[in-house]
Amino acid sequence: AQTVTQSQPEMSVQEAETVTLSCTYDTSESDYYLFWYKQPPSRQMILVIRQEAYKQQNATENRFSVNFQKAAKSFSLKISDSQLGDAAMYFCAYRSAGASGTYKYIFGTGTRLKVLA
Amino acid sequence: EPEVTQTPSHQVTQMGQEVILRCVPISNHLYFYWYRQILGQKVEFLVSFYNNEISEKSEIFDDQFSVERPDGSNFTLKIRSTKLEDSAMYFCASREGQLYEQYFGPGTRLTVT
Chain A
1 AQTVTQSQPE MSVQEAETVT LSCTYDTSES DYYLFWYKQP PSRQMILVIR QEAYKQQNAT
61 ENRFSVNFQK AAKSFSLKIS DSQLGDAAMY FCAYRSAGAS GTYKYIFGTG TRLKVLA
Chain B
1001 EPEVTQTPSH QVTQMGQEVI LRCVPISNHL YFYWYRQILG QKVEFLVSFY NNEISEKSEI
1061 FDDQFSVERP DGSNFTLKIR STKLEDSAMY FCASREGQLY EQYFGPGTRL TVT
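Residue numbers (the working numbering), protein chains in the order written: chain A, 1 to 117; chain B, 1001 to 1113.
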């Protein structure tokens, strides 16, 4: 069974600085997707970034980028030029990519990011 | 931008009572999910629903739980006889197709007393 681990329950970053959130996972599958979701307080989870396992290139979305190390089963999120609005809970999630299946997500426990003014 | 909506935002119920949590997925989505998050713990998959039937359920999703898409727009989760340990945040999610990510609702906080 697949598992996702986020070892940092809480992180802090100074506004305008860079922070990296860690995520490791375990799977025997070769093809899958990885996601980072952001959950602001009392709001729904919003997709931040997606990485397809078959792609060697790391995904980037504006200030957000990932460091995907498939062999090490590591998927960290880097937030550059942190803004106050980045403060939220961040969840790492895994999803199978097989042709059949329900594509349920397996989540990590989350990392609460605080942004200091 | 279309959103998944959930009602109510907070439900308080007594142990043994039935509750129905409601979700309105994004209109052209075909795959629907319920997840739950007990306070301080990870978000856990409960059930997935496609083509008017359950496609997968977790071991948490026992006979006390059921899902329904009664009218083509709503997607409901019913808990027949709530227990204290059912207290959690329940998230609904929907997905358009095989390759697409899931979109989540804001959640319903269920408190069982």
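Just so it is clear, CB atoms sit at the ideal spot from N, CA and C, and this is done for glycine as well.
- By the rule that beta-carbons nearer than 8 Å mark a contact, leucine 47 of chain A touches chain B.
- A distance below 8 Å separates the beta carbons of methionine 1015 of chain B and lysine 1083 of chain B.
- The C-alpha of serine 76 of chain A is placed about 12 Å away from the C-alpha of glycine 108 of chain A.
- Taking all protein chains in view, the Cβ of tyrosine 54 of chain A is surrounded by fewer than 16 other Cβ atoms within 10 Å, so the residue is classified as exposed.
- Of the candidates A/Ala87, A/Ser12, A/Asp26 and A/Gln14, the residue whose Cα lies closest to the Cα of valine 48 of chain A is A/Ala87.
- For the pair leucine 84 of chain A and glutamate 1053 of chain B, the Cα-to-Cα distance works out to about 43 Å.
- Secondary structure note for alanine 1088 of chain B: its beta strand (DSSP E) is the uninterrupted segment 1088-1095.
- Three or more Cβ pairs closer than 8 Å define a contact, and the region 30-49 of chain A falls short of that threshold against the region 1024-1032 of chain B.
- With the criterion set as a beta carbon lying under 7 Å from some beta carbon of chain B, the members of the region 80-102 of chain A are Phe91 and Thr102, in sequence order.
- Taking 8 Å as the cut-off, the Cβ atoms of arginine 1109 of chain B and glutamate 1101 of chain B do not count as close.
- Residue-level contact by beta carbon holds for valine 1043 of chain B and chain A, with a gap shorter than 8 Å.
- Considered as a whole, the region 20-83 of chain A harbours 24-26, 32-39, 46-52, 64-69 and 74-79 as its complete beta strand (DSSP E) runs of no fewer than 3 residues, in chain order.
- Interface with chain B (8 Å Cβ-Cβ cutoff): tyrosine 105 of chain A is included.
- Neighbours of glutamine 1102 of chain B across chain A, judged by C-beta separation under 7 Å: Tyr105.
- Annotation for glutamate 1068 of chain B: Thr1076 place their beta carbon closer than 6 Å to its own, counting only its chain and skipping 5 residues before and after.
- The Cβ of glutamate 1053 of chain B sits no closer than 8 Å to any Cβ of chain A.
- Residues of chain B whose Cβ lies closer than 8 Å to the Cβ of threonine 109 of chain A are, in chain order, Gln1041 and Lys1042.
- Identification of chain A residues near tyrosine 1033 of chain B by a Cβ-Cβ cut-off of 7 Å yields Lys104, ordered along the chain.
- About 6 Å separates the CB atoms of valine 19 of chain A and serine 82 of chain A; that is less than 8 Å, so the two are in contact.
- With a cutoff of 8 Å on beta-carbon distance, alanine 1093 of chain B and tyrosine 1033 of chain B are scored as near each other.
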